[in-house]
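Trainee:
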Amino acid sequence: MVFRIYLILLLFSLPVSAGSHGRNPPEQLWFPKAPALPRSEGPAVEVSDVPGLIEALRQAKPGQTILMADGHYMVSRYVKISANNVTLRSASGRRERVIIDGAESRHHELIGI
């Protein structure tokens with residue numbers, strides 16, 4: 027009997043615990059889609075990991091675009107963007123495939139502009 031209750035609870039908890047962690051955000055078909063952004067005309071830097079992202083932000087020049095490879099970027103400290111008009115965008119053009127995550131940031135702050 028206890029095993030049966032445990033099994034039932036386990037089955038009901040699977041969809042909840044699976045959630046959307048690690049998945050793309052849900053597509054809302056009713057929500058209007060924004061047009062794709064045009065390619066930037068300024069200089070661009072490509073990054074594919076957290077150290078590269080932090081260095082690109084540190085050395086960013088006004089009008090620069092930082093193209094981020096698809097992935098989950100666990101940024102563990104505060105990062106300041108000092109230059110004006112800096113753009114962060116997905117290199118693939120798929121915004122849902124780039125996640126900048128500050129969950130492990132010491133002061134619960136991530137990016138300062």
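Following the numbering used here, the numbering of the sequence shown begins with 27 at its first residue and continues without gaps.
Idealized CB from N, CA, C, for every residue including glycine.
Model, not experiment: these values are computed from the prediction.
#1: Leaving out the 5 sequence neighbours to the left and right, which residues in its chain are closer than 6 Å to Ala95 when beta-carbon positions are compared?
#2: Can you name, in chain order, every residue of its own chain whose Cβ lies under 8 Å from the Cβ of Gly138, other than the five neighbours on each side?
#3: CA-CA distance, His133 and Gly97?
#4: Please state if the CB of Val71 and the CB of Ile92 are separated by a distance shorter than 7 Å.
#5: Measuring alpha carbon to alpha carbon, tell me which of Gly78, Met100, Gln90 and Glu81 ends up nearest Glu130.
#6: What number of angstroms, rounded off, separates the C-alpha of Gln54 from the C-alpha of Pro61?
#7: Once the 5 residues before and after Ser66 are set aside, which same chain residues still bring their CB inside 7 Å of it?
#8: Classify Ile89 as helix, strand or coil using the three-state DSSP reduction.
#9: Quick one: which unbroken alpha helix (DSSP H) runs of 4-plus residues sit fully inside the segment 54-100? Chain order, please.
#10: From Leu79 to Lys59, what does the alpha carbon distance come to, in whole angstroms?
Mentor: So, from the data block:
#1: Ser74 and Ala117
#2: Tyr104, Val105, Lys106 and Ile107
#3: 23 Å
#4: yes
#5: Met100
#6: 15 Å
#7: Thr91 and Thr113
#8: Inspection of the sequence shows that residue 89 is occupied by Gly rather than by Ile. Gly89 falls in the coil class under three-state DSSP.
#9: 76-84
#10: 28 Å
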